[in-house]
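**Student:**
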Amino acid sequence: MATTTPTPPAEDSLLPARSSTSAAATAAAETTIHNLTSRYPGKVQVHLHPSSSLPSNLTNLLQRSSTSSSSSSSTSSSSSSSFQAGLSVALVWTVESLKLLRRYGVTGSFTGTLAEFPQQNIFLGLPVQLLPEEVVFLLRRGKAIIIDEANSYQSVKDDEMDIIDAEIEQDRKSQQLEAWKERQLLKAKHSCSPSSRMEFTTVTSQNSTTLPPPPPTKQELQVLPWHYTIRTTSKCLPWFQPKTYTTLSSVQKLFPFPSTQDEVASVGLFEHFLSERGLWCMNGLRFGGSFAVYPGDPLRYHSHYTAQLVLPSQHIALTDLVANGRLGTAVKKTHLLCHVDQFHPLLNNFNHKQGFVGKKGQQNEVLDCVKNGSFDFAPMGIKSEADQNIENRNDNNGDDHDDDDDEEEEEEGEQRGKRFATFNIFSLAWAGFGT
Numbered sequence: 001m002a003t004t005t006p007t008p009p010a011e012d013s014l015l016p017a018r019s020s021t022s023a024a025a026t027a028a029a030e031t032t033i034h035n036l037t038s039r040y041p042g043k044v045q046v047h048l049h050p051s052s053s054l055p056s057n058l059t060n061l062l063q064r065s066s067t068s069s070s071s072s073s074s075t076s077s078s079s080s081s082s083f084q085a086g087l088s089v090a091l092v093w094t095v096e097s098l099k100l101l102r103r104y105g106v107t108g109s110f111t112g113t114l115a116e117f118p119q120q121n122i123f124l125g126l127p128v129q130l131l132p133e134e135v136v137f138l139l140r141r142g143k144a145i146i147i148d149e150a151n152s153y154q155s156v157k158d159d160e161m162d163i164i165d166a167e168i169e170q171d172r173k174s175q176q177l178e179a180w181k182e183r184q185l186l187k188a189k190h191s192c193s194p195s196s197r198m199e200f201t202t203v204t205s206q207n208s209t210t211l212p213p214p215p216p217t218k219q220e221l222q223v224l225p226w227h228y229t230i231r232t233t234s235k236c237l238p239w240f241q242p243k244t245y246t247t248l249s250s251v252q253k254l255f256p257f258p259s260t261q262d263e264v265a266s267v268g269l270f271e272h273f274l275s276e277r278g279l280w281c282m283n284g285l286r287f288g289g290s291f292a293v294y295p296g297d298p299l300r301y302h303s304h305y306t307a308q309l310v311l312p313s314q315h316i317a318l319t320d321l322v323a324n325g326r327l328g329t330a331v332k333k334t335h336l337l338c339h340v341d342q343f344h345p346l347l348n349n350f351n352h353k354q355g356f357v358g359k360k361g362q363q364n365e366v367l368d369c370v371k372n373g374s375f376d377f378a379p380m381g382i383k384s385e386a387d388q389n390i391e392n393r394n395d396n397n398g399d400d401h402d403d404d405d406d407e408e409e410e411e412e413g414e415q416r417g418k419r420f421a422t423f424n425i426f427s428l429a430w431a432g433f434g435t
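With full-length UniProt numbering, letter number 29 in the sequence shown gets 29, and the count goes up by one each step, no holes.
1) By the three-class DSSP mapping on this structure, what secondary structure does Ser191 have?
2) Ordered along the chain, which non-local residues of its own chain (more than five positions away) have a Cβ less than 8 Å from that of Ser290?
3) Let me know the secondary structure DSSP gives Asn121 once reduced to three states.
4) Identify which residue in His344, Ala188, Lys418 and Phe137 has its Cα closest to the Cα of Cys281.
5) Using the Cα positions of Pro242 and Ile164, report the straight-line distance between them to the nearest angstrom.
6) With DSSP collapsed to three states, give me the class of Ile146.
7) Between Leu299 and Thr107, what straight-line distance do the alpha-carbon atoms span, to the nearest angstrom?
8) Tell me whether Gly328 is buried or exposed, calling it buried when 16 or more other Cβ atoms sit within 10 Å of its Cβ.
9) Measuring straight from C-alpha to C-alpha, what distance separates Asp158 and Ser275?
10) Are there 16 or more other CB atoms within 10 angstroms of the CB of Gln261, so buried, or fewer, so exposed?
11) In this structure, how does DSSP classify residue 475 when only helix, strand and coil are distinguished?
12) Does Ser275 come out as helix, strand or coil in the three-state DSSP assignment?
13) Is Phe287 closer than 8 Å to Lys333 when the C-beta atoms are compared?
14) Taking Cβ positions, are Ala150 and Leu224 nearer each other than 8 Å?
15) Can you find a CB in chain C that lies within less than 8 Å of the CB of His302?
16) Which of the three DSSP states is assigned to Ile425 in this structure?
17) Sort Gln219, Ser109, Thr319 and Glu133 by Cα distance to Phe123 and report the nearest one.
18) Give the DSSP-derived three-state secondary structure of Ser266 in the structure shown.
19) Closest by CA to Leu346, which one among Val156, Tyr301 and Ala421?
20) Which residues mark the beginning and the end of the beta strand (DSSP E) in which Ser109 is found?
21) My understanding is that Val340 touches Pro379, with C-beta atoms under 8 Å, so please give their C-beta distance in whole angstroms.
22) So, helix, strand or coil for Met282, using DSSP?
23) Can the beta-carbon of Leu130 be found closer than 8 Å to that of Val46?
24) Looking at the secondary structure, which residues open and close the beta strand (DSSP E) in which Ala292 lies?
25) Where does Leu347 sit, in a helix, a strand or coil, going by DSSP?
26) Is the separation between the beta-carbon of Arg102 and that of Asp297 shorter than 8 Å?
27) Does DSSP classify Ile37 as helix, strand or coil?
28) Rounded to whole angstroms, what is the Cα-Cα separation between Arg419 and Gly381?
29) Name, in chain order, the residues that DSSP records as bridge partners for Thr244.
30) Using a Cβ-Cβ cut-off of 7 Å (strictly less than) and excluding sequence neighbours within five positions of Glu134, which residues of its own chain qualify?
31) Roughly how many angstroms separate the alpha carbons of Ile168 and Lys143, rounded to a whole number?
32) Using CA coordinates, which residue listed in Met161, Gln170 and Pro215 is at the minimum distance from Lys181?
33) What separation, rounded to the nearest whole angstrom, lies between the Cα atoms of Val92 and Leu126?
34) Is Leu224 helix, strand or coil when you go by DSSP?
35) For the beta strand (DSSP E) containing Thr306, name the first residue and the last one.
36) Assign Gln129 to one of three DSSP states: helix, strand, or coil.
This is the structure we're talking about:
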């Protein structure tokens with residue numbers, strides 16, 4: 001006996017025709033990130049996100065009110081607002097950029113929660129958050145491109161929103177129609193006798209002697225399950241036009257770092273370890289220092305040192321010296337005191353009696369030194385282990401490469417590059433502290 005197979009309604013009767021304009025817009029948007037990679041090969045794509053979740057207009061309003069209240073109420077400190085806009089958060093979203101980070105000796109910190117395990121913070125994934133020192137390090141060596149996320153979105157037009165809404169509606173109807181088909185097939189399968197279940201899939205509607213079920217109504221489709229996948233990349237949005245920056249001076253209005261004595265010295269110390277000594281650095285807060293210093297990739301090595309930054313005007317008491325030594329012993333690290341020997345002359349041309357860079361009233365002068373491009377380039381330093389391996393691999397493969405061009409670029413970078421500061425580093429291991 002011939003079994004009856006339900007015949008689904010024609011999809012054209014339920015689904016709107018896919019707009020060719022929508023497909024073209026999506027195809028154009030898909031090439032946005034690819035174009036950035038083509039324009040800036042070998043550069044990490046760093047996205048700057050506002051540190052505050054407040055809207056930009058409200059943030060600016062709070063900043064203005066804080067400034068006006070602090071200037072008008074000089075006698076009362078309690079009436080002034082404590083609101084201060086923080087530095088933008090630097091995030092890396094793509095796996096390709098993550099690979100480049102490891103190649104350049106920068107690690108960052110994973111901050112993305114896994115979708116299947118949201119209630120834990122041990123196993124994390126993308127995005128990777130970078131320290132401000134890491135962003136400056138990459139920019140000064142031409143290894144990063146900064147993308148201003150807050151200002152990269154153009155105003156959305158009504159026709160563009162209509163296209164997006166139509167795609168979502170089309171996807172919803174398609175999923176609900178598939179769910180309806182599956183339910184009808186299951187009903188027909190369970191209504192068949194055990195002997196005729198094997199021939200269920202071979203029977204067509206032409207051989208059926210009964211009429212197919214009527215197509216589902218709109219109300220029937222509404223109750224069927226469906227899901228919508230949120231797009232996690234901006235490249236899918238046709239109105240995303242990224243605003244990019246490639247130098248430290250050009251990004252200062254958006255990312256004003258470094259701008260104080262502490263920040264200048266911190267960047268200088270990070271570059272000193274990574275570029276001149278080949279030591280990797282991560283945030284050293286949990287070990288009681290400025291940086292945790294590793295002899296190589298932190299995935300392969302434990303940190304050997306804890307680096308503490310000491311400014312020129314800072315004095316260390318003997319009790320602090322003993323405390324730092326015991327701290328190094330407690331965390332099984334050699335504690336390093338990294339004293340700033342001197343700042344670059346462009347930064348250190350102040351009267352010592354009035355203070356060094358970053359003191360009150362001198363912050364704008366320090367920013368001017370950075371804004372005019374004086375510190376856009378850094379000395380070449382030593383090459384990372386990954387870069388050396390790539391060069392050795394190319395030499396072994398016999399790849400054609402002009403070494404003279406590389407030497408000229410290195411000489412030019414060495415001449416134009418400027419160090420923020422030089423350091424004298426002292427180890428507390430000599431006193432019996434540390435490992």
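In this text, a Cβ means the ideal position worked out from N, Cα and C, and glycines have one as well. Small disclaimer: the values here were computed from a predicted structure and weren't measured.
**Tutor:** According to the structure data:
1) Position 191 of the sequence shown, counted from the first residue, corresponds to residue 191. Looking at Ser191 - three-state DSSP - the assignment turns out to be helix.
2) Residue mapping note: residue 290 aligns to position 290 of the sequence shown, counting from 1. Correct list, in chain order: Ser266, Leu269, Gly284, Ala307, Gln308, Leu309 and Cys338.
3) By 1-based counting over the sequence shown, the position of residue 121 is 121. Here Asn121 sits in coil by DSSP.
4) The residue labelled residue 281 in the question sits at position 281 within the sequence shown. Per the Cα distances, Phe137.
5) Counting from 1 along the sequence shown, the entry for residue 242 is found at position 242. Counting from 1 along the sequence shown, the entry for residue 164 is found at position 164. If you take the alpha carbons of Pro242 and Ile164, they lie about 20 Å apart.
6) Within the sequence shown, the letter at position 146 stands for residue 146. Looking at Ile146 - three-state DSSP - the assignment turns out to be strand.
7) Mapped onto the sequence shown, residue 299 falls at position 299. Mapped onto the sequence shown, residue 107 falls at position 107. Their Cα atoms are separated by approximately 10 Å.
8) Locating residue 328 in the sequence shown gives position 328, counting from the first residue. Buried is the call here.
9) On the sequence shown, position 158 is the one that residue 158 refers to. On the sequence shown, position 275 is the one that residue 275 refers to. Distance between the alpha carbons of Asp158 and Ser275 is about 50 Å.
10) As a first step, residue 261 is located in the sequence shown; it is residue number 261 there, counting from the start. It counts as buried.
11) Given a span of 1 to 435 for the chain in the structure shown, any question on residue 475 remains unanswerable.
12) Residue numbering aside, residue 275 sits at position 275 when the sequence shown is read from its first letter. It is helical.
13) Numbered from 1 along the sequence shown, position 333 holds the residue referred to as residue 333. Numbered from 1 along the sequence shown, position 287 holds the residue referred to as residue 287. Yes, they are a contact pair.
14) Residue 150 sits at position 150 when you count from the first residue of the sequence shown. Residue 224 sits at position 224 when you count from the first residue of the sequence shown. No, the pair does not count as a contact, with Cβ atoms beyond the cut-off.
15) Of the chains in the structure shown, none is chain C; there is only one protein chain.
16) Here the question's residue 425 lines up with position 425 in the sequence shown. Note: Ile425 maps to strand in three-state DSSP.
17) Stepping through the sequence shown from its first residue, residue 123 is reached at position 123. Nearest of Gln219, Ser109, Thr319 and Glu133 to Phe123, Cα basis: Ser109.
18) What you label residue 266 is simply residue 266 of the sequence shown in a count that begins at 1. Helix at Ser266.
19) Reading the sequence shown from its first residue, position 346 is the one you call residue 346. Answer by Cα proximity: Ala421.
20) The residue given as residue 109 occupies position 109 in the sequence shown. That run of the beta strand (DSSP E) goes Ser109 to Thr113.
21) For the purposes of this step, residue 340 is taken as residue 340 along the sequence shown, with counting starting at 1. For the purposes of this step, residue 379 is taken as residue 379 along the sequence shown, with counting starting at 1. About 17 Å; that fails the 8 Å criterion.
22) Residue 282 sits at position 282 when you count from the first residue of the sequence shown. Residue state, collapsed to three classes: strand.
23) Within the sequence shown, numbered from 1, the residue matching residue 130 stands at position 130. Within the sequence shown, numbered from 1, the residue matching residue 46 stands at position 46. In this structure, Val46 lies closer than 8 Å to Leu130 by Cβ.
24) The count along the sequence shown starts at 1 and reaches residue 292 at position 292. Counting along the chain, the beta strand (DSSP E) containing Ala292 begins and ends at Phe291 to Tyr294.
25) Here the question's residue 347 lines up with position 347 in the sequence shown. In the structure shown, Leu347 sits in coil (DSSP, three-state: anything other than H, G, I, E or B).
26) Here residue 102 refers to the residue found at position 102 of the sequence shown. Here residue 297 refers to the residue found at position 297 of the sequence shown. For Arg102 and Asp297, yes; Cβs fall inside 8 Å.
27) Stepping through the sequence shown from its first residue, residue 37 is reached at position 37. The identity of residue 37 in the sequence shown is Thr, whereas the question assumes Ile. Correct three-state label for Thr37: helix.
28) Position 419 of the sequence shown, counted from the start, is the residue given in the question as residue 419. Position 381 of the sequence shown, counted from the start, is the residue given in the question as residue 381. Cα to Cα, Arg419 sits roughly 11 Å from Gly381.
29) Reading the sequence shown from its first residue, position 244 is the one you call residue 244. Thr244 is bridged to Ile147.
30) Within the sequence shown, the letter at position 134 stands for residue 134. Val106 and Gly108.
31) Stepping through the sequence shown from its first residue, residue 168 is reached at position 168. Stepping through the sequence shown from its first residue, residue 143 is reached at position 143. Going by the C-alpha atoms only, they are around 38 Å apart.
32) The sequence position of residue 181 within the sequence shown is 181, counting from 1. Nearest option by C-alpha distance: Pro215.
33) As a working mapping, residue 92 is identified with position 92 in the sequence shown. As a working mapping, residue 126 is identified with position 126 in the sequence shown. Straight-line Cα distance between these residues: approximately 7 Å.
34) For the purposes of this step, residue 224 is identified with residue 224 of the sequence shown, where counting begins at 1. Of the three classes helix, strand and coil, the one that applies to Leu224 here is coil, per DSSP.
35) Position 306 of the sequence shown, counted from the start, is the residue given in the question as residue 306. Per DSSP, Thr306 belongs to the beta strand (DSSP E) from Tyr305 to Val310.
36) Indexing the sequence shown from 1 puts residue 129 at position 129. In the structure shown, Gln129 sits in a strand (DSSP, three-state: E or B).
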